[in-house]
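This report concerns only the one structure given below.
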Amino acid sequence: MDSTLRTQLKPVCPQGMGSNNVTFLDQNPSSSNIVDNSFFDQIVKQRRILPIDQALARDSETKVFAQQLAQNPNTFATKLASAMVKLQALDVLTGNQGQIRKVCSKFN
1 MDSTLRTQLK PVCPQGMGSN NVTFLDQNPS SSNIVDNSFF DQIVKQRRIL
51 PIDQALARDS ETKVFAQQLA QNPNTFATKL ASAMVKLQAL DVLTGNQGQI
101 RKVCSKFN
């Protein structure tokens, strides 16, 4: 994590203070509430909060993808639109058809 970001987050997220602390995953204040490529830009700049996000920038298979999305807002928009179309095509279970797992990695 970027050392400047770490310093900024320490007062917001002090150790041992419970789980009521809130911060945006996208550390760009001008777009924290917008779905854009800024999240990936922050990942590339090492201004990421979660370890899984750090992995995107470090893993050899995902690093280039993260860089492409960070550099080009149009690429991000195209990829996001494609993903939304694919998600829309999934059959959603409703009512008693499905179940919510109590443990994500195991069937109830």
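In full-length UniProt numbering, the protein residues as written are 1 to 108. Backbone N, C-alpha and C define an ideal beta-carbon position, used for all residues, glycine too.
> Is aspartate 53 buried or exposed, if buried means 16 or more other CB atoms sit within 10 Å of its CB?
Replying inline: buried
> At what residues does the alpha helix (DSSP H) containing phenylalanine 76 begin and finish?
Replying inline: Where phenylalanine 76 is concerned, the enclosing alpha helix (DSSP H) stretches over 73-88.
>> Classify alanine 89: buried if its beta carbon has 16 or more other beta carbons within 10 angstroms, exposed otherwise.
In response: exposed
> Counting only beta-carbon atoms, is isoleucine 34 nearer than 8 Å to chain D?
Replying inline: In summary, chain D is missing from the structure at hand, where a single protein chain is found.
>> Closest to proline 73 by C-alpha separation, out of Ser31, Gln8, Thr94 and Pro51, would be which residue?
In response: Ser31
> Can you tell me the Cα-Cα spacing of phenylalanine 65 and lysine 10, whole angstroms?
Replying inline: So the two alpha carbons sit approximately 30 Å from each other.
>> Within a Cβ cutoff of 7 Å, which residues of the same chain sit near leucine 56, ignoring the five residues on either side of it in sequence?
In response: Cβ within range, chain order: Ile43, Thr62 and Ala66.
> Given a threshold of 16 other Cβ atoms within 10 Å of its Cβ, counted over all protein chains shown, does asparagine 33 qualify as buried or as exposed?
Replying inline: exposed
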